[in-house]
Amino acid sequence: MRPPAQGDLLFDRNLADLPAELRWREWMGRVEAAIFAAATPVPREILSLLVGDDCRLDDLIADIQHELADRPYELVFVAGGWRHRTRVRFADAIRAAGGTGSAKPPFEALSEIENLVATAIAYLQPVTRRELSRLIGKELSRDSFARLKRLGLIGAGPRAPARGAPLTYVTTKLFLEVFGLGSLRDLPDIEALEDAGLLEPRPDLAEKVGVDDEFDRVLGLFADDDQEDDEAAPSARFDE
Amino acid sequence: MIAAMDSLEPVAASPKPPRRKRAANAAAPSEKAPVCHILPSWLPRAAQGGDAPPAFAAGAVVFALDQIVRADPAWLEAWRARQALRAAAASARSLRHREDEAALRDAHHLTRPGDDPGPAGKLYRLWRAFSARPTRLAGPCLAALADTLGARAPAGAFDGLTLASDHPDPLAAALAAADACVRGFGVGGGEAAVLAAMAADLVLAHRLGWPRPLPLFFAGAAGRRTPAAEGYARIVREALVCHGQAMDLEGRAARLIAAAAAVRVKGADRGVAALLADDVVAAADLARPDAAALGSDRAARRFLDRLVALGALREMTRRPTFRLYGL
């Protein structure tokens, strides 16, 4: 029994009967077609199932990108895989034509605060709502987090070891995809922020075990308000 | 009398033979003579750059490590997990994550099933998975690890893996594999350094015939930037530190097994086995239905706290809650 990822027995990966140049064209066609047809970025291991064992996938993709050089779309590496993307300078044209017309969630409709939250989580993850609120100096409503979570841009991370076991948040693959990042290292200015020490852990912002300070009260933040209704009580799992 | 002596042999001093025997049977069937030997005092000096050629010191320390892995003591998995933690911490520094060892532990142990441990937590899990899978010297394995890291491995980045393993000296072969990996990526930092360290571990494990790799090379320690001789000296020092860890763990494991015999709890043997198999455990880990070791969360916590009170176990976080216990 072959694993399903290996595909059809009749599918010929190696194309040994074709001359080298035709074989290369065929492989290029296959890889581009697979990326074109996929709804999500296609990772390397999937693409390598389409071509022969001796095929250099990076050279192949570079050739495809070269061919697309004068097309309005390009092949980009985002969120750990390859996908087609329209070039940025055609954004206005697409918007004027009434958007993409697909049933995708309306990411351009993120509010300013939701954008801020998603970006801050990307830099500081895993981070709790309280830590972020302390950093920004303003209570961030749970609705922003809930909306981002519903859109699939952020997900649940490890529990913070503080009273009430608040949930931390991390960004998802979809976040990278939507913001056009290959990985978190591609976040703008991340090196400069790190060098300035702004991404270091801050003891004054960190979740404390069982401490409610004045600042939290002003912000309206309390230790037990981060427990989510859909989660089981954390005390069932962690010691008190 | 001689027979009695033989039965006393397994574990170090403890006042009550019958209990000790039971614990030894339950938790550590393979525990015999100590597997860690004290290294001669000239060895650390030689590794620091003494008169002896570095390869001489390297041979001695690699032999010592090899003996431990081959003896397969009960605490081998704890050792492996702890090395994975140290390697992950070095990788986290190389990838410029904020997390230190304690934060990595938290990220792994406080993430509930199905949740995302975050970038650094994923890195630690990657190292754990890497050290848990069989040694296989194949490029695609590492390419899959690269994908998990979110790095794009250029074609041929891992070709050096098989070439380098022809080198007569296993440590030098491992360093050569790391160099080849870094050259393949074209950069010395970030993911390339992590993968180079993994490539080096794989080659070393393959050359020594270990069933699974032991994380010994740390990101940043192997790579193109350091001169070969210096990299070699550094890995010998790392191996010495690793051996020191093993000596320490062996003592702690013996104390734990002896103490667990005094704590008469149902399922104590499973609890001890879980402690010997990982870097740290949370009380909840021992109370999971699948492990079914100690019944309830509360019982597990009482068991662990009792062992801490007996000095046989350490609580690693120094927190009143969310405590993690380990050797």
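Chains A and B supply the protein sequences, listed in that same order. Counting from 1, position 103 in the first sequence corresponds to residue 103 in this note's numbering; the numbering is continuous, with no gaps. Counting from 1, position 46 in the second sequence corresponds to residue 46 in this note's numbering; the numbering is continuous, with no gaps. Backbone N, C-alpha and C fix where the C-beta goes; we use that ideal spot for every residue, glycine too. All of these numbers come straight from a predicted model, not from anything done at the bench.
Which runs of the alpha helix (DSSP H) fall wholly inside the segment 59–124 of chain A and span at least 4 residues, in chain order? 91–96 and 112–124, all fully within the segment 59–124 of chain A.
Whose CA, out of B/PRO53, B/ASP201, B/HIS37 and B/VAL263, lies closest to the CA of B/LEU310? Looking at the Cα atoms, B/VAL263 is the closest of the given residues.
State the beta-bridge partners of A/ALA156 as determined by DSSP. In the DSSP secondary-structure assignment, A/ALA156 is bridged to A/TYR169.
Measuring only between beta-carbons, confirm whether A/GLN65 sits less than 8 Å from chain B. Residue-level contact check: A/GLN65 does not touch chain B, since none of the beta carbons of chain B fall below 8 Å from its beta carbon.
Local Cβ density within 10 Å of B/CYS327, reported as buried at 16 or more and exposed below that: First, the residue type needs correcting, since residue 327 of chain B is Leu and not Cys in the sequence shown. Around the beta carbon of B/LEU327, 16 or more other beta carbons lie within 10 angstroms, which makes this residue buried.
Neighbour flag for B/ASP116 against chain A, beta carbons, 8 Å: Yes, because at least one Cβ of chain A sits closer than 8 Å to the Cβ of B/ASP116.
On the DSSP letters alone, give me the boundaries of the beta strand (DSSP E) that A/LEU49 sits inside. Where A/LEU49 is concerned, there is no enclosing beta strand (DSSP E), given that its DSSP letter is neither H nor E.
DSSP state of B/ALA219, grouped into three classes? DSSP places B/ALA219 in strand when its eight states are reduced to three.
Quick one: what does DSSP say B/ALA312 is sitting in, helix, strand or coil? In the structure shown, B/ALA312 sits in coil (DSSP, three-state: anything other than H, G, I, E or B).
Could you check whether the Cβ of B/GLU238 sits closer than 7 Å to any heavy atom belonging to the ligand MN? As for the ligand MN, it is missing from this structure, which has no ligand bound.
List the residues of chain B that A/GLU194 touches, going by C-beta distances under 7 Å, in chain order. What A/GLU194 touches in chain B, judged by beta-carbon distance under 7 Å, is ARG96, going in chain order.
Would you verify that the beta carbon of A/GLU74 is, or is not, closer than 8 Å to some beta carbon of chain B? Chain B contact via Cβ: absent.
Where the alpha helix (DSSP H) through B/GLY118 begins and ends: Where B/GLY118 is concerned, the enclosing alpha helix (DSSP H) stretches over 118–132.
Show which residues of chain B have a CB atom less than 7 Å away from the CB atom of A/VAL170. Result: ASP116 and GLY118.
Any chain A beta carbon closer than 8 Å to B/ALA144: Yes, its Cβ sits closer than 8 Å to a Cβ of chain A.
Contact set between A/ALA34 and chain B, taken where Cβ atoms lie within less than 7 Å: Within chain B, no residue comes near A/ALA34; the closest Cβ sits about 16 Å away, beyond 7 Å.
Proximal residues of chain A, C-beta to C-beta of B/LEU110 below 7 Å: Residues of chain A passing the Cβ test: PRO158, ARG159 and PRO161.
Would you list the one or two residues that DSSP bridges to B/VAL281? Answer by DSSP bridge pairing, in chain order: B/TYR325.
Of all Cβ atoms in chain B, is any one closer than 8 Å to the Cβ of A/ARG44? With respect to chain B, the C-beta atom of A/ARG44 has a partner C-beta closer than 8 Å.
Every unbroken alpha helix (DSSP H) within the segment 37–72 of chain B, with a cutoff of 4 residues, ordered by chain: Listed in chain order, they are 42–47 and 54–71.
Taking C-beta to C-beta, are B/ALA200 and B/LEU240 nearer than 8 Å? For B/ALA200 and B/LEU240, no; Cβs fall outside 8 Å.
What is the DSSP secondary structure of A/THR40, counted as helix, strand or coil? Here A/THR40 sits in coil by DSSP.
Using only the alpha-carbon positions, how far apart do A/ARG142 and A/THR119 sit? Taking the straight line joining both Cα atoms gives about 16 Å.
Could you tell me whether the Cβ of A/GLY164 comes closer than 8 Å to any Cβ of chain B? A/GLY164 does not count as touching chain B.
Nearest to A/VAL78 by alpha carbon, out of A/ASP186, A/ASP195, A/LEU193 and A/GLU200? Comparing Cα-Cα distances from A/VAL78 to each of A/ASP186, A/ASP195, A/LEU193 and A/GLU200, the minimum goes to A/ASP186.
Where the alpha helix (DSSP H) containing B/CYS181 begins and where it ends: It spans 170–185 - the alpha helix (DSSP H) in which B/CYS181 sits, taken as one unbroken run.
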